[in-house]
Amino acid sequence: MLKKHRLLIIFILTEIIIAFFGSNNSIKHNPDVASLLTGLFLIAIPLLYYLLTRKKQTEFTFWFVFYSIFKLTPYIFSMENNFFERLFQLKIYLNIAFLLFLIWKAVLFLKDFKNTAKQKENPELDAHSIITNSLKKSVRFQKLGKIIAFEICSFYYCFIKWQGDKKTKNDFSGYHNSGVSGLYFGLMLVSVFEAFGFHALLISRNKPLAILLLVLHVYLLINLVGHLKAIFFRTHLVLSQKIVLRYGLFETIEIPIHSILSINKFEGDYEKSPELLKCALLGKLEPHNISLELKNNQNFRLPFGITKNSKKVLFYIDNANDFINETRLKIKENQNLKNT
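For the working numbering, add 21 to where a residue sits in the sequence shown, where the first one is 1.
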């Protein structure tokens, strides 16, 4: 981890040291030294970091780092008689320019996503997978990319996605008879009533807190709607070499057929364990009817960059018997190929 990000760590430490000297009172009253340190902090060190890492990092990473440094500079260094004083007097225009740049990048991303979605021929790829894969190319840091992907997918499914993809014979849905619709609609109603209740209670006493809680409740509602719609539109696949599980806004789970030890119908209670993964945002509140056991632990990627090593997976399929029979058939076919 340290070796992988050593240049970033050196860059941050160097910037902290420069900022420490820049915040010194004696230097603050010396415009020439303050200007020199400002130039190092704002331009020289970020430029050197970019030149050293330009083959490894993405454009997004560079602009994110540069903009963060730009925002911090006037709070660390005195701008009185500073060589860069004029630059920061124009920061409102630079902020607008940066915002326009981000909008332009977002338009390019959506255009690329739209073209990729139209040309999609691989049944393993859906809108969630395409968005996630596109962001992997744009964001260097894996966990940050996954957090951004989760948020974009949440808004995409909440506001943009209204029509399901064309289904194949290998598709299996997982929501018709599960009761998750009623469960999530109930949570949404509770969230709405709670938001109105808190807002009415706090608006006259603490207006900023009331607005903050209202924004958080709206954000939660968007995530719940996006996750529920993703459950509706994302289907599971049984392919010749693997099973593809696509549950809501969770990352796509791929399980190789040869790694499956057993697959059976399973309903009822279960004990929580590090080796058990349930495809359910709300845990035991959501139903399951299939238990899939693996020969060895597999690393599963969950939302927000969380990972889990598990040997057993619980999930819900509408046509459980068909899914189990199809999976067992693929296991048998793989074993026959291996024996020949």
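Glycine included, C-beta positions come from ideal geometry on N, C-alpha and C. Given the structure is predicted, the values throughout are model-derived calculations rather than measurements.
Between the Cα of residue i and the Cα atoms of the options, which residue gives the shortest distance?
i    : options                : result
V265 : F193, H197, G247       : F193
K257 : A40, W84, N198, N191   : The amino acid occupying residue 257 in the given sequence is His; Lys does not appear at that position. Closest option to H257, Cα to Cα, is N191.
L306 : N317, N318, Y291, K316 : Y291
F364 : Y96, S225, H248        : Nothing in the structure corresponds to residue 364, since the chain is present only between 22 and 361.
Q110 : F122, T94, L121, L123  : T94
D186 : N45, H149, D53, A118   : H149
D147 : F119, L115, Q184       : Q184
N116 : K351, W84, L241, H309  : W84
L282 : R267, S199, F122, S312 : S312
I173 : F119, L235, P324       : P324
F104 : Y337, V211, S56        : S56
I274 : F214, E145, G200, F98  : E145
I284 : I243, N320, L350       : L350
Y88  : M100, I113, A231, T361 : I113
K263 : F180, E347, V54        : E347
H220 : A65, R226, A231, L34   : A231
H50  : M100, G289, A65        : M100
With a threshold of 16 other CB atoms inside 10 Å of the CB of residue i, please say whether the residue is buried or exposed.
i    : result
P229 : exposed
T59  : buried
M22  : Residue confidence is low: M22 scores 47 on pLDDT, short of 50, so the model does not pin down where it sits. No coordinate-derived value is stated.
V259 : buried
E272 : buried
T328 : exposed
E36  : buried
A170 : buried
H309 : buried
F32  : buried
K364 : The structure shown does not extend to residue 364, since the chain is modelled only from 22 to 361, so the question has no answer here.
F206 : exposed
R27  : exposed
A301 : buried
R267 : buried
V86  : buried
I39  : buried
K92  : exposed
T361 : exposed
T189 : exposed
A341 : buried
L156 : buried
A216 : buried
F321 : buried
F336 : buried
I'd like to know whether the C-beta atoms of residue i and residue j end up nearer to each other than 8 Å.
i    : j    : result
Y177 : I152 : yes
E314 : K299 : no
L297 : S261 : no
N355 : I278 : yes
G218 : H248 : no
V246 : M209 : yes
G195 : D343 : no
N102 : P52  : yes
I345 : K250 : no
I30  : L63  : no
S280 : N317 : yes
V213 : I252 : no
L223 : L234 : yes
F98  : G43  : yes
F122 : K182 : no
S199 : N244 : no
L303 : L204 : yes
Where does the unbroken alpha helix (DSSP H) through residue i begin, and where does it stop?
i    : result
F321 : Here F321 belongs to no alpha helix (DSSP H); instead the beta strand (DSSP E) covers 311–322.
S362 : The displayed coordinates of the chain run from 22 to 361. Any statement about residue 362 would go beyond what the structure contains.
L354 : A small correction: the amino acid at residue 354 is Glu; Leu does not occupy that position in the sequence shown. Taken as a continuous stretch (DSSP letters only), the alpha helix (DSSP H) holding E354 covers 341–360.
L73  : 66–74
K49  : 46–49
L298 : Taken as a continuous stretch (DSSP letters only), L298 belongs to no alpha helix (DSSP H), being part of the beta strand (DSSP E) at 297–299.
L63  : First-last for L63: undefined, no H or E at that position.
L108 : 106–110
F98  : Where F98 is concerned, there is no enclosing alpha helix (DSSP H), given that its DSSP letter is neither H nor E.
E36  : 27–43
Please report the residue range of the beta strand (DSSP E) in which residue i lies.
i    : result
S331 : 328–336
Whole runs of the alpha helix (DSSP H) within the segment 153–240, excluding any shorter than 4 residues: Fully enclosed alpha helix (DSSP H) runs of 4 or longer: 163–176, 201–223.
Would you mind listing the beta strand (DSSP E) stretches within the segment 256–285 that are 3+ residues and don't spill past its ends, in chain order? Uninterrupted beta strand (DSSP E) stretches at least 3 residues long and entirely within the segment 256–285 occur at 257–259, 263–266, 274–277, given in chain order.
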